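All residue numbers for the sequence shown refer to the numbering used here, where the first residue is -14 and numbers rise by one. Yeah, the Cβ is synthetic: ideal placement off N, Cα and C, and Gly gets one too. All values reported here derive from a predicted model rather than from experimental measurement. Have a look at the structure below before the remarks.
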Amino acid sequence: MMAAIDAVSDLVNSRAADTAGEPLPPATWLWDCCARFTAAHQPEFRGTIHPDLSAAEANAHLSRWARALDMVDTTTPDEAAEGRRSYSATLGAATIRLTAAIDTLASATETQPLPILTNMS
């Protein structure tokens, strides 16, 4: 499964960089079989900026993609409430939708070590 994700991600990232005319921060991409944001005949790929980045870094990467590909803000109310933001664009014959956590403490603290709890009895 990871090989398929890597292959799709490499393909979308490469095509996006070629279209933008500049290198873009890497994103992880999957084909969205539900394709709720597109017509039935048009494939949609859902992408995410790495969740271990800080909110500021994730927002910077997402903004860079949005500017480079003239993406449109498609953030849903649920995504906004969860501190995420999404942008969509057409890339070739497909729709791409990229999401990142941009307003949350979780992305900045997820990788911090957890305190070890011991049984005091």
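CA-CA distance, T103 and I(-10)?
Legend: pLDDT at T103 = 49, less than 50; position of this residue unreliable, value from coordinates given subsequently. The alpha-carbon of T103 is positioned some 39 Å away from that of I(-10).
If the criterion is Cβ atoms closer than 8 Å, does the pair L76 and A1 meet it?
Taking a C-beta distance under 8 Å as the contact criterion, L76 and A1 qualify as a contact pair.
When the Cα atoms are used, what is the spatial distance from R69 to T84?
Those two C-alpha atoms are separated by around 7 Å.
Between the CA atoms of S71 and D63 - distance to the nearest angstrom:
Cα to Cα, the separation comes out at about 11 Å.
Under 8 Å by Cβ, that's how I've got A12 and G32 pegged, so tell me the actual separation to the nearest angstrom.
Rounded, the Cβ-Cβ distance is 4 Å, consistent with contact.
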